[in-house]
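Reviewing the structure listed below.
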RNA sequence: GGGUCGGUGCCCGAGUGGCCAAAGGGAGCGGACUGUAAAUCCGCCGGCUUCGCCUACGUAGGUUCAAAUCCUACCCGGCCCA
């Protein structure tokens, strides 16, 4: 346990080694400042009712700071979320209404809590919502306290604004003002929580620096900024999506732990090291060792397995991660027909599943319906097409275009495994 | 408020009266090869009771044997002017 006043001096070097430092305010003075405990914050706007993988770097970085002995604040953007950050966006967004925002906050806040320790002795994490100091703030006061310190010249020089002014979409005054709200957050946290540093993705640099400037102008005290590179895949596209293009949500309702786990398993080799370094808490030394082992025998997918285990258990807990892992072993392990009842029953909670009436067995055409019910296909046309393309298996056998499900296909009197291609699996339970 | 340009399938983007369920690209899906990887190649890619029908090119009407394409009104967005 670290004492209240001692911090891990290796933190900054470790962040660099993990590829988490994109830009900082003057590096030497920042490194010097980090020798003593500092208060830092990262903001998360509740644009949906769940965070996704793209938000994880921020949460994990806060975690690293807390573990190193610093004070961390995660900020829910209840106010900023109502306005919409133009950074990295080419279109004006629709405004959230109050109900939508409240629902989003309700979903996001518990997720923000889960990555940090709010009970930790000496440096418990804090969770704040910027509505607390924004909602009642009068426009006049805002113009005098915040607006007066910022020139429009600076504001329109920001990339986020420039891009929109040069594009054909324009930018509303509302979104244009976003950076002032965010800057004000930093200033408020500085004055009320002793917060000296804000962190974020590299697209946040302009907003963060504006806040840091505001702090300096109002208090003449130093304020620091750190950004990490936006998490991208080897091919340059953003992370946070599965190979299939689905957003990797952190909430189990939006994406089951099994699918989440599978999303990581399908990582390509060239991204293994980066993901281990940036999204897990494994020491860099261990990351290097895993990567070396992985590269020696890439076909064993050691790196992918480790990534999936680590990240799934951070997000969904160890138990859920083990469940997803076991289900994966079942699904990708070998002949389905050899599986025990227990293994099949376990699958039920992990993969998409459907039920089928016993009386529908041996009926012509029952397969098409079942494919739709089991979420293998979204229309009859697609189901037919898949069958024609040899894309569907019942248990371990490819199904012919005119096939139907018969009683003899049912395993243990009860289950049926349907696959689309190699990776999509549904479990069907025969009932009645 | 005036002028002007534009709104096409998941995205980008062709199409300016019939040959348009709509070129091309991307994404996605399936197949081959593999390692649940990458790359590559092949096929598919609105729905259905599938030799046909329905729905679809911002919305609502209209002209026409026939409209994504022409007309009218409206809605939304960009740019310029006020």
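Numbering (this note's numbering), first residue to last: 6 to 437.
Idealized CB from N, CA, C, for every residue including glycine.
As the structure is a computational prediction, the values presented were derived from the model and not from experiment.
Proximity of residue 83 and residue 136 at Cβ, strictly below 8 Å: yes
If you scan the segment 252 to 295 from start to end, which runs of the beta strand (DSSP E) of 3 or more residues do you find wholly inside it? none
Inside the segment 93 to 177 only - alpha helix (DSSP H) runs reaching at least 4 residues: 103 to 119, 136 to 139, 144 to 150, 157 to 162 and 164 to 171
Going by other Cβ atoms of all chains shown within 10 Å of its Cβ, with 16 needed for buried, is residue 394 buried or exposed? exposed
Check the DSSP bridge columns for residue 19 and list the partner residues they point to. BP columns for residue 19 are empty, so no partner.
Contacts around residue 164, its chain only, beta-carbon distance under 7 Å, and the 5 residues preceding and following it disregarded: 211
Please identify the residue among 247, 39, 435 and 52 whose C-alpha is closest to the C-alpha of residue 349. 435
If I measure Cβ to Cβ from residue 121 and keep anything under 7 Å in the same chain, skipping five residues before and after, which residues do I get? 67, 68, 71, 77, 79 and 130
Rounding to the nearest angstrom, what Cα-Cα distance links residue 302 and residue 27 in this structure? 32 Å
Every unbroken beta strand (DSSP E) within the segment 296 to 366, with a cutoff of 3 residues, ordered by chain: 358 to 362
Selection from 312, 432, 91 and 304 that minimises the alpha carbon distance to residue 285: 312
Let's see if you can read the secondary structure: which residues bound the alpha helix (DSSP H) around residue 387? 385 to 393
What's the C-alpha gap between residue 169 and residue 88? 16 Å
Using alpha carbons as the reference points, say which of 59, 223, 23 and 40 lies closest to residue 235. 59
Assign residue 8 to one of two classes, buried (16 or more other C-beta atoms within 10 Å of its C-beta) or exposed (fewer than that). Since pLDDT at residue 8 reaches only 47, below the 50 mark, its modelled position is unreliable, and no value is offered.
What three-state label does DSSP hand residue 222 in the structure shown? helix
Alpha-carbon spacing of residue 274 relative to residue 283, whole angstroms: 15 Å
How far does the alpha helix (DSSP H) with residue 81 in it extend, from its first residue to its last? Looking at the DSSP string, residue 81 is not in any alpha helix (DSSP H); the run it does join, the beta strand (DSSP E), is 76 to 81.
DSSP state of residue 45 mapped onto helix, strand, coil: strand
Considering only C-alpha positions, which residue in the set 222, 209 and 179 is nearest to residue 195? 222
Buried or exposed: residue 178, going by 16 or more other Cβ atoms within 10 Å of its Cβ? exposed
Please classify residue 290: is it buried, with 16 or more other beta-carbons within 10 angstroms of its beta-carbon, or exposed? exposed
According to the neighbour-count rule (16 or more other Cβ atoms, all chains shown, within 10 Å of its Cβ), is residue 115 buried or exposed? exposed
Can you name the start and end residues of the alpha helix (DSSP H) that residue 12 belongs to? Run containing residue 12: none; DSSP gives neither H nor E here.
Buried or exposed: which applies to residue 109, given that a residue is buried once 16 or more other Cβ atoms fall within 10 Å of its Cβ? buried
According to DSSP, is residue 424 part of a helix, a strand, or is it coil? strand
Apart from the five residues on each side of it in sequence, which residues of its chain come closer than 6 Å, Cβ to Cβ, to residue 112? 54 and 55
Once DSSP output is grouped into helix, strand and coil, what is the label at residue 52? coil
Residues of its chain near residue 29, where Cβ-Cβ distance is below 6 Å and the 5 sequence neighbours each way are ignored: 35 and 231
According to DSSP, is residue 63 helix, strand or coil? helix
Residue 230 - partner residues in DSSP beta bridges: 203
Excluding the five sequence neighbours on either side, which residues of its own chain have a C-beta within less than 8 Å of the C-beta of residue 404, listed in chain order? 372, 392, 397 and 398
Start and end residues, beta strand (DSSP E) containing residue 397: 397 to 399
Would you please state the rounded distance, in angstroms, between the beta carbons of residue 57 and residue 255? I believe it to be under 8 Å. 6 Å
Name the two residues that bound the continuous alpha helix (DSSP H) containing residue 417. Neither: residue 417 is in no alpha helix (DSSP H) and is coded neither H nor E.
So residue 421 and residue 433 are supposed to be a Cβ contact under 8 Å. How far apart are they, rounded? 4 Å
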